[in-house]
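J.: Heads up: the protein sequence lines correspond to chains A and H, in order. First residue of the first sequence: 5, per the working numbering; consecutive thereafter. First residue of the second sequence: 862, per the working numbering; consecutive thereafter. The following block contains the structure, expressed as structure tokens.
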Amino acid sequence: MEMLTVSDLCLSFGGLQVLSDVSFNVEQGELFAIIGPNGAGKTSILNSISGFYHPNKGGVHLEGKEITHLSPDRRAAMGLGRTFQNIALYRGMSVLDNIKLGAHVHLRTGLLSSLIYWGKPHREEMELRREIEEEVIDFLEIEPIRKLPVGSLAYGLQKRVELARALAMRPKILLMDEPVAGMNAEETEDMARFILDIKEERNMTIVLIEHDMKVIMDISDRVLVLNFGQTLAEGKPEDVQRHPEVVKAYLGEKKAQDGHLSTTVG
Amino acid sequence: MDIFLQLLVSGFAVGGVYALIAMGFVLIYKATSIINFATGEFMMIGAFIFYTIVVSLGVSPIPAFLGVMAAAALLGFLVERLILRHMLGQPTISIVMVTIGLSSILMGAAEMIWGAGFRSFPAIFPRAPIIIGDIVLRSNIFYGFILSSVAVIVFALLFKYAKVGVAMRATATDQTASFSMGINVKSIFTLSWALGAIAASLGGIIIGNIGGVHPTLGHIGLKIFPVVILGGLDSIRGAVLGGFIVGILENLAGGYLDPYFHGGVKDVAPFVVLVLILLFKPYGLFGKKEIERL
């Protein structure tokens, strides 16, 4: 089943054409990666999918339903989870409060009934707490830091908390913008393992942007290569890696003649 | 000593009302980062609407309270939707100018509707003064304090525990993140304006009940600035504490110093202390410091 369909997406800011006719499908349970040089339009695609940018042409469908003109919060409520390139956490709040805000959209309590804390709101909160404890905090191994303010955490951990918050939303699809950028080798390995676990244990559909070629080649099912806002290639990681256009875009004309793209190129 | 206690307690009571009006300011600032210079005018309009409902329509005070809350919510809603929504993303100074303009418009509108004269409220609380030991409190101030305290507590609880309150705090911290958590940021803005206007107008009713109502009643709103800046613009706790500090200071200064000058110390004292505190705590007592991690 197709979870996400992006069709003929065009986006321009003034005279600058950021995306031209980009189309792709992501299947349910698939890990789909988008790669490309800086400024290729990767984050613009994610922003168009999650509703922060409004494409000039083209459409976005989630599970067959058109979401092209919905506001970002409506899309989030429909099951679009998202993490950001420059971490967008609530800095003053604790790790736990941040994660609970992810589940915010699932609380059904209204303005007046929450004035009376007992009864339904209380039960809802308890249920939520249990789910977050077991399925998010334990799963991502952030138990020891749950009471700390996120601003005090190391960069790699902040990224993990952001992922935890996205998971607490119980999304249908997870959009991740450079989840391992700026991480050391150990942190990168941890994060790659978590992403794979999320995909395999929860059958989660994931769309991922990354510069770390090794991670991309190791974990993704399919890869879309962008350059200057256009699709350069799309396919299995090993095929994309040998694609002459991709090699050219990443290594330049001359080196391309020497052989295929090495996995160490970042 | 009796004089001191008397001044302290009545200052405390007035401070409770300031805290409520300050809350009207902070609720809006916290969610939308807009400094609302029209807070005082929201207060004044609330007092006039209450006056109209009670005197002209002859409604009893409790339904009139609810009526004012509804009208204030509508006013806040309209101001946000029709004016400030279009100012999203504009420079702070432009937005500040818009709220200053709004305060003039509201003042002018009040004069057009109700005239420039001074009107006093009918008695809505029992007249008998409240006597606690040696201290005597005017009944208007005492009941006003009770009413403000209840309102402040309800607002604070809402902000801290209710789903919308949490959404408001989240929006105040990071709008992008809130959008992607499924929080409808724009309706949170509208809601903040509505709640802020409700808080201010309730404060207006209480102030109007103490000293009467006239179109320039909003100038008392200027006193809210020492209150909120003292507490830190975005802190509810700060607004409450700031309210009490300003109320008490004002009364003590008025009681002890005014006889030596030609009066007026009462109105200046809070600002003097404001400057002193800000010299040492530039973010106010509870304000959010912008910390840069290196």
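All C-beta atoms, glycine included, are put in the ideal place defined by N, C-alpha and C. Since we're looking at a predicted model, the values are computed, not measured.
Once you ignore the five residues that flank residue 978/H on each side, which residues in its own chain have a CB closer than 8 Å to its CB?
T.: As a working mapping, residue 978/H is identified with position 117 in the second sequence. The answer, listed in chain order, is 1075.
J.: Using a cut-off of 8 Å between C-beta atoms, extract the partners of residue 1046/H located in chain A.
T.: For this step, residue 1046/H is matched to residue 185 along the second sequence. Ordered by position in chain A, the residues that pass the 8 Å Cβ test against residue 1046/H are 77.
J.: Looking at the unbroken beta strand (DSSP E) that takes in residue 996/H, where does it start and where does it end?
T.: Walking along the second sequence from the start, residue 996/H turns up at place 135. Residues 996-998.
J.: For the region 83-96 of chain A against the region 50-68 of chain A, are there 3 or more C-beta pairs whose distance is under 8 Å?
T.: Touching, yes.
J.: Taking the alpha-carbon positions, what's the residue 239/A to residue 33/A distance?
T.: Counted from its first residue, the first sequence places residue 239/A at position 235. Counted from its first residue, the first sequence places residue 33/A at position 29. The alpha-carbon atoms of residue 239/A and residue 33/A are separated by roughly 16 Å.
J.: Can you give the Cα-Cα distance for residue 1026/H and residue 989/H, rounded to whole angstroms?
T.: Along the second sequence, read from residue 1 onward, the residue named residue 1026/H stands at position 165. Along the second sequence, read from residue 1 onward, the residue named residue 989/H stands at position 128. Distance between the alpha carbons of residue 1026/H and residue 989/H: 38 Å.
J.: Looking only at its chain, what residues have a beta carbon closer than 6 Å to the beta carbon of residue 268/A, apart from the 5 residues adjacent to it on each side?
T.: On the first sequence, residue 268/A is found 264 positions in, with the first residue counted as 1. Confidence in residue 268/A is poor, its pLDDT being 48 and thus under 50, which makes the residue's placement too unreliable to answer from.
J.: Is the Cβ of residue 150/A closer than 8 Å to any Cβ of chain H?
T.: Within the first sequence, the letter at position 146 stands for residue 150/A. It does not; no Cβ of chain H falls within 8 Å.
J.: Rank 52/A, 6/A, 170/A and 254/A by C-alpha distance to the C-alpha of residue 1042/H and give the top, closest one.
T.: Translated into positions along the second sequence, residue 1042/H becomes position 181. Among 52/A, 6/A, 170/A and 254/A, the Cα nearest to that of residue 1042/H belongs to 170/A.
J.: Can you find a CB in chain H that lies within less than 8 Å of the CB of residue 96/A?
T.: Position 92 of the first sequence, counted from the first residue, corresponds to residue 96/A. At least one chain H Cβ lies under 8 Å of residue 96/A.
J.: For a cutoff of 8 Å on Cβ pairs, would you count residue 1053/H as touching chain A?
T.: The count along the second sequence starts at 1 and reaches residue 1053/H at position 192. Not an interface residue.
J.: Quick check for students: name the residue ranges of the beta strand (DSSP E) that lie wholly in the region 936-1017 of chain H, counting only runs of 3 or more.
T.: As far as the region 936-1017 of chain H is concerned, its whole beta strand (DSSP E) runs of at least 3 residues are 991-993 and 996-998.
J.: Pick from 10/A, 19/A and 156/A: whose alpha carbon is nearest that of residue 97/A?
T.: In the first sequence, residue 97/A corresponds to position 93, counting from 1. The shortest C-alpha separation from residue 97/A is found at 156/A.
J.: Less than 8 Å separating the beta-carbons of residue 45/A and residue 233/A?
T.: Locating residue 45/A in the first sequence gives position 41, counting from the first residue. Locating residue 233/A in the first sequence gives position 229, counting from the first residue. Yes; because the gap between Cβ atoms is below 8 Å, this pair is in contact.
J.: State the CB to CB distance for the pair residue 1094/H and residue 878/H, rounded to an integer number of angstroms; the pair is presumed to be in contact (CB under 8 Å).
T.: Sequence index remark: in the second sequence, residue 1094/H carries index 233 (1-based). Sequence index remark: in the second sequence, residue 878/H carries index 17 (1-based). Their Cβ separation, rounded to whole angstroms, is 19 Å, which puts residue 1094/H and residue 878/H out of contact at 8 Å.
J.: In three-state terms, what does DSSP make of residue 874/H?
T.: As a first step, residue 874/H must be located in the second sequence, where it is residue number 13. Residue state, collapsed to three classes: helix.
J.: Candidates 889/H, 900/H, 1136/H and 1009/H: which alpha carbon is nearest residue 1033/H's?
T.: In the second sequence, the residue the question calls residue 1033/H occupies position 172. Comparing Cα-Cα distances from residue 1033/H to each of 889/H, 900/H, 1136/H and 1009/H, the minimum goes to 889/H.
J.: Do residue 1015/H and residue 884/H have their C-beta atoms within less than 8 Å of each other?
T.: The sequence position of residue 1015/H within the second sequence is 154, counting from 1. The sequence position of residue 884/H within the second sequence is 23, counting from 1. No. Outside cutoff.
J.: Out of curiosity, what's the CA-to-CA distance linking residue 874/H and residue 102/A?
T.: Locating residue 874/H in the second sequence gives position 13, where the first residue counts as 1. Locating residue 102/A in the first sequence gives position 98, where the first residue counts as 1. Near 38 Å, if we compare the C-alpha coordinates of residue 102/A and residue 874/H.
J.: According to DSSP, is residue 884/H helix, strand or coil?
T.: What you label residue 884/H is simply residue 23 of the second sequence in a count that begins at 1. Of the three classes helix, strand and coil, the one that applies to residue 884/H here is helix, per DSSP.
J.: Looking only at its chain, what residues have a beta carbon closer than 6 Å to the beta carbon of residue 1036/H, apart from the 5 residues adjacent to it on each side?
T.: The sequence position of residue 1036/H within the second sequence is 175, counting from 1. Cβ within range, chain order: 1046.
J.: Count the other CB atoms, across all protein chains shown, that sit within 10 Å of the CB of residue 270/A; report buried if there are 16 or more and exposed otherwise.
T.: In the first sequence, the residue the question calls residue 270/A occupies position 266. Only weak support is given to the placement of residue 270/A: the predicted model assigns it a pLDDT of 43, under 50, and the value that follows is read from those uncertain coordinates. Classification for residue 270/A: exposed.
J.: For chain H, find out if any of its Cβ atoms is closer than 8 Å to the Cβ of residue 184/A; answer yes or no.
T.: In the first sequence, counting from the first residue as 1, residue 184/A sits at position 180. By this cut-off, residue 184/A is not an interface position.
J.: What separation, rounded to the nearest whole angstrom, lies between the Cα atoms of residue 203/A and residue 148/A?
T.: Along the first sequence, one-based indexing puts residue 203/A at 199. Along the first sequence, one-based indexing puts residue 148/A at 144. Those two C-alpha atoms are separated by around 24 Å.
J.: Let me check one thing: in DSSP terms, what residues is residue 237/A bridge-paired to?
T.: Residue 237/A sits at position 233 when you count from the first residue of the first sequence. In the DSSP output, where bridge partners are listed per residue, residue 237/A has 229/A.
J.: Does any C-beta atom of chain A lie closer than 8 Å to the C-beta of residue 1037/H?
T.: Counted from its first residue, the second sequence places residue 1037/H at position 176. At least one chain A Cβ lies under 8 Å of residue 1037/H.
J.: Who pairs with residue 63/A in a beta bridge, going by DSSP?
T.: The residue you call residue 63/A lines up with position 59 of the first sequence. Beta-bridge pairing links residue 63/A to 11/A.
J.: Along chain H, which residues have their Cβ under 8 Å away from the Cβ of residue 106/A?
T.: In the first sequence, the residue the question calls residue 106/A occupies position 102. Chain H residues near residue 106/A: 1042.
J.: In this structure, does DSSP put residue 905/H in helix, strand or coil?
T.: On the second sequence, position 44 is the one that residue 905/H refers to. In this structure, residue 905/H counts as helix in the three-state DSSP scheme.
J.: List the residues of chain H that residue 93/A touches, going by C-beta distances under 8 Å, in chain order.
T.: Locating residue 93/A in the first sequence gives position 89, counting from the first residue. Those are 1035 and 1038, listed as they occur along chain H.
J.: Residue 1005/H and residue 954/H look like a contact to me (Cβ under 8 Å); what is the Cβ gap, rounded to whole Å?
T.: In the second sequence, counting from the first residue as 1, residue 1005/H sits at position 144. In the second sequence, counting from the first residue as 1, residue 954/H sits at position 93. The Cβ separation is near 36 Å, so there is no contact.
J.: With a threshold of 16 other CB atoms inside 10 Å of the CB of residue 168/A, please say whether the residue is buried or exposed.
T.: Translated into positions along the first sequence, residue 168/A becomes position 164. Buried, since its Cβ has 16 or more Cβ neighbours within 10 Å.
J.: Mapping DSSP to helix, strand and coil, what is residue 167/A?
T.: As a first step, residue 167/A must be located in the first sequence, where it is residue number 163. Three-state DSSP puts residue 167/A in a helix.
J.: Let me know if residue 1155/H comes out buried or exposed under the rule of 16 or more other beta-carbons within 10 Å of its beta-carbon.
T.: Indexing the second sequence from 1 puts residue 1155/H at position 294. Confidence at residue 1155/H is low in this model, with a pLDDT of 46, below 50, so the placement of that residue should be treated as unreliable; the coordinate-derived value is given next. Classification of residue 1155/H: exposed, given that the 10 Å Cβ count is below 16.
J.: What separation, rounded to the nearest whole angstrom, lies between the Cα atoms of residue 1021/H and residue 1030/H?
T.: Within the second sequence, numbered from 1, the residue matching residue 1021/H stands at position 160. Within the second sequence, numbered from 1, the residue matching residue 1030/H stands at position 169. The alpha-carbon atoms of residue 1021/H and residue 1030/H are separated by roughly 8 Å.
J.: Compute the Euclidean distance between the alpha carbons of residue 918/H and residue 980/H, then round it to the nearest angstrom.
T.: Translated into positions along the second sequence, residue 918/H becomes position 57. Translated into positions along the second sequence, residue 980/H becomes position 119. Each residue's alpha carbon lies about 16 Å from the other.
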